[in-house]
Ligand code: SF4
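Next up, the structure:
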């Protein structure tokens with residue numbers, strides 16, 4: 004006699020993340036994303052739109068000063084592959100600040116602290132029309148500079164520094180921007196990060212300006228873990244392949260600004276994800292807000 008057929012076990016559908024896990028920001032850390040959980044994977048369609056939005060809003064800012072959790076340090080080969088992937092995707096990177104000379108670059112970078120490049124470009128579009136040399140800036144005066152940069156954060160202090168550094172350039176360097184770090188850092192309002200940008204962009208030096216994006220990215224991905232911007236900078240100088248050092252600052256800053264964002268890294272379309280050690284990779288884009296009044 005034929006034995007009775009054994010009851011078949013129901014096949015579970017592909018697992019969707021539990022909403023409460025998503026809302027707590029631990030969604031992916033408990034089930035690390037893999038290549039198979041990236042776009043097209045079944046989970047994404049199973050997550051309600053509201054849950055995705057809540058998860059995005061509550062994700063921890065890993066790699067930032069707020070939540071300085073670090074990923075496992077990449078191997079040297081991994082670090083090189085990570086930067087190469089960014090390089091291949093953008094062979095000719097450029098700074099997004101508008102400038103026409105080392106001096107206007109220096110002023111634009113000095114204005115960009117705690118401000119977006121877009122807001123700085125708007126301000127300098129009119130400022131540089133009337134003053135694009137130290138002498139012209141000095142003639143414009145603090146009030147005059149302030150009138151152009153009023154929409155930028157800390158504008159009063161920045162206007163004061165722009166005037167002081169213009170005066171210092173005239174007194175110490177004949178109105179030229181010096182190409183030495185020590186001389187740059189001795190100017191009013193110029194710190195290591197600003198000096199690094201000027202040395203890199205205006206003078207072609209292999210310098211790494213670590214801003215908030217690069218600091219986060221270095222820690223989050225394991226590319227260059229470090230507790231301070233200086234520590235991240237030193238790691239990057241050691242780990243980025245020499246032939247890529249000149250432009251690495253641009254690749255990393257643009258990647259941090261547009262893809263590896265603070266709140267919601269866009270891992271689902273990140274060209275470097277195969278080399279990244281971040282455990283909480285985001286496998287799907289957040290749902291678009293529902294359209295009302297359609298039809
Ligand atoms: S976007 Fe995601 S995968 Fe890409 S570097 Fe950032 S954390 Fe890693």
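Residue numbers (the working numbering): 4 to 298.
Every residue, glycine too, gets a C-beta built ideally from N, C-alpha and C.
DSSP three-state label for residue i, please.
{"i": "residue 132", "result": "helix"}
{"i": "residue 284", "result": "coil"}
{"i": "residue 117", "result": "coil"}
{"i": "residue 101", "result": "coil"}
{"i": "residue 125", "result": "helix"}
{"i": "residue 250", "result": "helix"}
{"i": "residue 289", "result": "coil"}
{"i": "residue 77", "result": "coil"}
{"i": "residue 163", "result": "helix"}
{"i": "residue 174", "result": "helix"}
{"i": "residue 182", "result": "coil"}
{"i": "residue 277", "result": "helix"}
{"i": "residue 189", "result": "coil"}
{"i": "residue 84", "result": "helix"}
{"i": "residue 108", "result": "helix"}
{"i": "residue 156", "result": "coil"}
Report all residues from its chain with a CB closer than 7 Å to the CB of residue i; omit the five preceding and five following residues, and keep chain order.
{"i": "residue 209", "result": "248 and 249"}
{"i": "residue 259", "result": "216, 217, 219 and 220"}
{"i": "residue 151", "result": "126, 129 and 130"}
{"i": "residue 201", "result": "105, 108, 109, 112, 180 and 187"}
{"i": "residue 197", "result": "112 and 113"}
{"i": "residue 80", "result": "none"}
{"i": "residue 156", "result": "117 and 118"}
According to the neighbour-count rule (16 or more other Cβ atoms, all chains shown, within 10 Å of its Cβ), is residue i buried or exposed?
{"i": "residue 159", "result": "exposed"}
{"i": "residue 119", "result": "exposed"}
{"i": "residue 285", "result": "buried"}
{"i": "residue 243", "result": "buried"}
{"i": "residue 245", "result": "exposed"}
{"i": "residue 207", "result": "exposed"}
{"i": "residue 78", "result": "exposed"}
{"i": "residue 161", "result": "buried"}
{"i": "residue 94", "result": "exposed"}
{"i": "residue 281", "result": "buried"}
{"i": "residue 174", "result": "exposed"}
{"i": "residue 230", "result": "exposed"}
Starting from the C-beta of residue i, find all residues in its chain whose C-beta is less than 6 Å away, skip the five residues before and the five after it, and write them out in chain order.
{"i": "residue 232", "result": "213 and 218"}
{"i": "residue 134", "result": "140 and 143"}
{"i": "residue 274", "result": "88 and 92"}
{"i": "residue 166", "result": "145"}
{"i": "residue 99", "result": "120"}
{"i": "residue 319", "result": "Given that the chain is displayed from residue 4 to residue 298, the structure contains no residue 319 and the question cannot be resolved."}
{"i": "residue 102", "result": "108 and 111"}
{"i": "residue 182", "result": "206"}
Of all Cβ atoms in chain B, is any one closer than 8 Å to the Cβ of residue i?
{"i": "residue 151", "result": "Protein chain content of the structure displayed is limited to a single chain, and chain B is not contained in it."}
Distance cut 7 Å, beta-carbon to the ligand SF4 heavy atom: residue list by chain order
Chain-ordered list of matching residues: 220, 223, 224, 258, 262, 263, 268, 269, 270, 273, 275, 276, 279, 281, 284 and 285.
Complete alpha helix (DSSP H) runs within the segment 202-270 (minimum length 4 residues, chain order):
Those alpha helix (DSSP H) runs which fall completely within the segment 202-270 and span 4+ residues are 215-224, 232-242 and 248-261.
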